[in-house]
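Enquirer: The structure follows.
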Amino acid sequence: STKLVPPQLVKKERVKNTGGNKVTFNRAVDILFVVDDSGSMDVHQTNLAKNVDLFTQNILTNQILDYHIGVVTSNMDSEPWNPPPGSAWKGELWGTTKWVERNTPGGAGILKTNLKPGTNGSGSEMFFTPVEAALTPPLVNGKNAGFYRPDAYLVVIFLTDAEDQSNMSAQAFYDFLVRLKGGDR
Numbered sequence: 037s038t039k040l041v042p043p044q045l046v047k048k049e050r051v052k053n054t055g056g057n058k059v060t061f062n063r064a065v066d067i068l069f070v071v072d073d074s075g076s077m078d079v080h081q082t083n084l085a086k087n088v089d090l091f092t093q094n095i096l097t098n099q100i101l102d103y104h105i106g107v108v109t110s111n112m113d114s115e116p117w118n119p120p121p122g123s124a125w126k127g128e129l130w131g132t133t134k135w136v137e138r139n140t141p142g143g144a145g146i147l148k149t150n151l152k153p154g155t156n157g158s159g160s161e162m163f164f165t166p167v168e169a170a171l172t173p174p175l176v177n178g179k180n181a182g183f184y185r186p187d188a189y190l191v192v193i194f195l196t197d198a199e200d201q202s203n204m205s206a207q208a209f210y211d212f213l214v215r216l217k218g219g220d221r
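Residue 37 is where the sequence shown starts when you use the numbering used here, and the numbers rise one by one after that.
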C-alpha cells in the first residue's frame, strides 16, 4: 500500500530592501510593559494577567529569541502606600524578580504577578517618563541593571485607561527611543 505524505511547506524569509544595508537577525529583544497602577485599573490588570499567556506563549517557549520581559508602572510622583514585596515606582522594574528571561524558573507565573502591580499608584498617570527613567542612569545601571541591552530590539507596551500626563510629548518620547538605539529607527 502507498502512503501519501503532504509536501513539506518551506517558509521563505522576506527581506526588505534597505538600500544596500546588510540586514541581520538579532535574537535579543527587551519587552517593557508600562502598566497604569491608578485606582481605576484593577479590572484591566486582572484581564491582562489572566490573558497574558495568549500574548507570551510563543515568546516564552521560543528557542531562538533571547528575551527580557519587565514591568514598570505609571507612578512617577507618589510612593506606593502599603506596598507589597517587589513594589517599585519612578521607573524601577516591578516585582521581586525584576524581569523574566528564558532561564527564569517559573517565568510565566512571575510575569503574571508582575503585570498586576495593584492600584495604589498615583492618579497622575505617566507612561513616557517611567520608560525614560527605567532605561537611563541611574536606574539602568542601578536597580534595573541587566534588563536593557543596547544591542537588543526594544518593545514598549502600554496598558492604561487614561492619556499620558508626562511632561514629555509623544514626539519627544519617540526621539528619546531613537537616540537610545543610536539613531536606528
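Here a beta-carbon is modelled for each residue, glycine too, at the ideal position from N, C-alpha and C. Note that the structure is predicted; figures quoted are calculated from it, not measured.
#1: Just confirm the distance between the C-beta atoms of P153 and D73, as a whole number of angstroms; I'd bet it's less than 8 Å.
#2: Looking at the strands, I want to know which residues DSSP matches up with L195.
#3: Tell me T109's beta-bridge partners as DSSP assigns them.
#4: Identify, in the order they occur along the chain, each residue of the same chain with its Cβ nearer than 6 Å to the Cβ of S205, setting aside the five sequence neighbours on each side.
#5: Considering only DSSP beta bridges, list what E137 is partnered with.
#6: If you compare alpha carbons, which of D211, A198, S202, S123 is closest to H80?
#7: Enumerate in chain order the residues of its own chain whose CB-to-CB distance from L151 is below 7 Å, with the five nearest sequence positions on each side excluded.
#8: Taking the alpha carbon of N139 as the point to measure from, which residue in D200, D211, N98 has its own alpha carbon closest?
#9: Assign I105 to one of two classes, buried (16 or more other C-beta atoms within 10 Å of its C-beta) or exposed (fewer than that).
#10: With a CB to CB cut of under 7 Å and the five nearest residues on each side skipped, what residues in its chain are close to L171?
#11: State the DSSP-derived secondary structure class of D66, mapped to helix, strand or coil.
#12: Within its chain, find whatever has a CB closer than 7 Å to the CB of L101; leave out the 5 residues flanking it on each side and keep chain order.
#13: Which residues in the same chain have their Cβ closer than 7 Å to the Cβ of G218, if we skip the five residues on either side of it in sequence?
#14: Just mark N180 as buried or exposed, buried being the case when its beta carbon has 16 or more other beta carbons within 10 Å.
#15: Considering only DSSP beta bridges, list what L190 is partnered with.
#16: Sort N177, L147, F163 by Cα distance to F194 and report the nearest one.
#17: Could you pull out every residue in the same chain whose Cβ sits closer than 6 Å to the Cβ of G127, ignoring the five residues on either side in sequence?
Expert: Straight from the coordinates:
#1: In the sequence shown, counting from the first residue as 1, residue 153 sits at position 117. In the sequence shown, counting from the first residue as 1, residue 73 sits at position 37. Confirmed, Cβ separation roughly 5 Å.
#2: Locating residue 195 in the sequence shown gives position 159, where the first residue counts as 1. Per DSSP, V71.
#3: Here residue 109 refers to the residue found at position 73 when the sequence shown is read from its first residue. In the DSSP output, where bridge partners are listed per residue, T109 has V71.
#4: Taking the sequence shown and counting its residues from 1, the one referred to as residue 205 is at position 169. Within the same chain, S205 has no close Cβ partners at all.
#5: Working through the sequence shown from its first residue, we reach residue 137 at position 101. The partner list for E137 (beta bridge, DSSP) reads H104.
#6: The count along the sequence shown starts at 1 and reaches residue 80 at position 44. The shortest C-alpha separation from H80 is found at A198.
#7: On the sequence shown, residue 151 is found 115 positions in, with the first residue counted as 1. Once the five neighbours on either side are set aside, the close Cβ partners of L151 are F69, V71, Q81, L84, A85, V88, V107.
#8: Taking the sequence shown and counting its residues from 1, one reaches residue 139 at position 103. Comparing Cα positions, the closest option is N98.
#9: Stepping through the sequence shown from its first residue, residue 105 is reached at position 69. Looking at its Cβ environment, which holds 16 or more other Cβ atoms inside 10 Å, I105 is buried.
#10: As a working mapping, residue 171 is identified with position 135 in the sequence shown. Result list for L171: Y184, L216, in chain order.
#11: Working through the sequence shown from its first residue, we reach residue 66 at position 30. In the structure shown, D66 sits in a strand (DSSP, three-state: E or B).
#12: Along the sequence shown, one-based indexing puts residue 101 at 65. Around L101: R63, V65, I95.
#13: Within the sequence shown, numbered from 1, the residue matching residue 218 stands at position 182. Nothing listed; no residue qualifies.
#14: Along the sequence shown, read from residue 1 onward, the residue named residue 180 stands at position 144. Answer is buried; the Cβ neighbour count reaches 16.
#15: What you label residue 190 is simply residue 154 of the sequence shown in a count that begins at 1. Paired residue(s): D66.
#16: Against the sequence shown, residue 194 aligns to sequence position 158. When each option's Cα is compared against that of F194, the closest is F163.
#17: Along the sequence shown, one-based indexing puts residue 127 at 91. Counting only Cβ-Cβ distances below 6 Å, and skipping sequence neighbours, we find V108, P166, A169, A170, L175.
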